[in-house]
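Enquirer:
Numbering (the numbering used here), first residue to last: 281 to 666.
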């Protein structure tokens with residue numbers, strides 16, 4: 281029996297939970313989440329989730345980054361092994377409704393960017409013969425702690441009664457963390473630092489909505505000033521009620537234009553007409569610049585029509601390329617773990633390499649132009665030597 285199968289079969293029990301990182305008995309009572317409400321990590325994750333919903337440009341930037349990461353293929357020395365491995369990666373079951381490692385990586389990478397930490401699990405069949413599925417764990421169901429050594433991370437599954445259980449087969453779980461602080465098991469989200477900026481932006485948008493509601497839906501102030509004669513003072517209340525009735529009738533009349541006719545000193549003004557609406561272009565752009573700088577996405581990819589030169593756009597594209605290459609290096613770890621376990625279970629040598637597709641066509645054009653320029657320079661040098 282193969283080494284990995286023998287190691288896993290020793291700890292195998294009939295009542296073992298197939299997915300180790302899923303919450304066990306989480307429905308003890310309907311308000312069970314209140315037990316862990318004091319957790320800083322949980323509250324921070326809720327904040328980032330709300331932030332993506334409240335500020336659409338943040339959600340759009342994360343979704344575009346996930347899609348721009350691109351696809352990959354796995355190369356092996358043996359062509360038959362390479363074909364089997366790539367077929368497996370394209371058709372493996374992912375979660376409950378998806379298939380293919382690309383779906384697994386998209387969810388894994390989205391979770392990594394949003395929360396700074398992402399956890400995935402390789403689920404084997406009951407007989408430990410093959411990889412049955414890939415599972416993206418919910419961070420609410422697990423907890424990470426540093427082990428006896430700061431180089432090890434222990435993974436715990438939360439139970440419904442507030443307790444937690446150590447995951448046994450840790451080799452089947454892959455943990456990715458972004459910008460980890462020394463002595464910490466969790467990574468830092470790319471949204472860290474944006475709640476304050478986003479709160480200012482949302483306040484501006486809310487104020488704009490209130491101002492347009494007040495200005496767009498015009499309100500009037502109708503003031504009646506009775507004269508000095510005694511008859512007008514006696515019947516002031518009756519005249520006010522009559523003016524109000526006729527004014528309401530005039531304003532609620534649809535499809536026709538009616539005139540309001542009154543007797544006496546009546547003054548009509550638009551409420552708020554004298555107030556000046558503040559210009560929001562500059563403060564909104566300042567807040568969006570902070571968000572775009574944090575997300576490392578060129579503004580034109582997010583639909584922001586800021587004036588940029590062609591040279592500036594090219595530099596922004598180069599910066600985005602370097603960011604995507606950095607994220608690719610992080611994602612190679614879970615990809616490599618899945619490939620290694622697949623090769624072990626099939627008794628194949630663990631010899632493979634991950635080859636990513638070019639990020640975009642512009643890179644290929646620039647590389648081709650660079651090779652053409654280099655070839656022309658060498659040809660000129662040869663002519664000069666002769």
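Backbone N, C-alpha and C fix where the C-beta goes; we use that ideal spot for every residue, glycine too. Keep in mind it's a predicted model, so treat the numbers as computed, not measured.
1) From residue 459 to residue 467, what does the alpha carbon distance come to, in whole angstroms?
2) Report the CB separation of residue 577 from residue 413 in whole angstroms; it is logged as a contact under 8 Å.
3) Could you spell out where the beta strand (DSSP E) holding residue 547 opens and where it closes?
4) Can you list, in chain order, the stretches of the alpha helix (DSSP H) that have 4 or more residues and sit fully within the region 323-383?
5) Indicate the three-state DSSP secondary structure (helix, strand or coil) for residue 633 in the structure shown.
6) For residue 623, name the three-state secondary structure that DSSP assigns.
7) Is any beta-carbon of chain D found at less than 8 Å from that of residue 527?
8) Verify whether the separation of the beta carbon atoms of residue 328 and residue 377 is less than 8 Å.
9) Per DSSP, which residues does residue 403 bridge with? Please list them.
10) Alpha carbon to alpha carbon, how far is residue 422 from residue 621? Give it in angstroms, no decimals.
11) Less than 8 Å separating the beta-carbons of residue 683 and residue 300?
12) Using a Cβ-Cβ cut-off of 8 Å (strictly less than) and excluding sequence neighbours within five positions of residue 545, which residues of its own chain qualify?
13) Where does the unbroken alpha helix (DSSP H) through residue 529 begin, and where does it stop?
14) Flag this pair as yes or no: are the beta carbons of residue 349 and residue 389 separated by less than 8 Å?
15) Can you name, in chain order, every residue of its own chain whose Cβ lies under 8 Å from the Cβ of residue 371, other than the five neighbours on each side?
16) Given that a residue counts as buried once 16 or more other Cβ atoms are within 10 Å of its Cβ, and exposed if not, what is residue 515?
17) Between 484, 476, 360 and 464, which has its C-alpha nearest residue 561's C-alpha?
18) Alpha carbon to alpha carbon, how far is residue 634 from residue 564?
19) Rounded to whole angstroms, what is the Cα-Cα separation between residue 649 and residue 334?
20) Mapping the DSSP letters down to three states, classify residue 585 as helix, strand or coil.
21) From residue 319 to residue 532, what does the alpha carbon distance come to, in whole angstroms?
22) I think residue 331 touches residue 481, with their Cβ atoms under 8 Å apart; what is that distance to the nearest whole Å?
23) I'd like to know whether the C-beta atoms of residue 454 and residue 419 end up nearer to each other than 8 Å.
Expert: Working from what's here:
1) 6 Å
2) Wrong, their Cβ atoms sit about 32 Å apart, outside the cutoff.
3) 545-550
4) 336-348 and 359-371
5) strand
6) helix
7) Reference to chain D is not applicable here, since this structure consists of a single protein chain.
8) no
9) Beta-bridge pairing links residue 403 to 413.
10) 23 Å
11) Given that the chain is displayed from residue 281 to residue 666, the structure contains no residue 683 and the question cannot be resolved.
12) 504, 505, 506 and 507
13) 516-531
14) yes
15) Excluding sequence neighbours, residue 371 sits near 379 and 380.
16) exposed
17) 484
18) 42 Å
19) 43 Å
20) coil
21) In this prediction, residue 319 scores a pLDDT of 46, lower than 50, which makes its location untrustworthy; the coordinate-derived value is nonetheless stated afterwards. Their backbone Cα atoms lie some 54 Å apart in a straight line.
22) With a Cβ gap of about 11 Å, residue 331 and residue 481 do not count as contacting.
23) no
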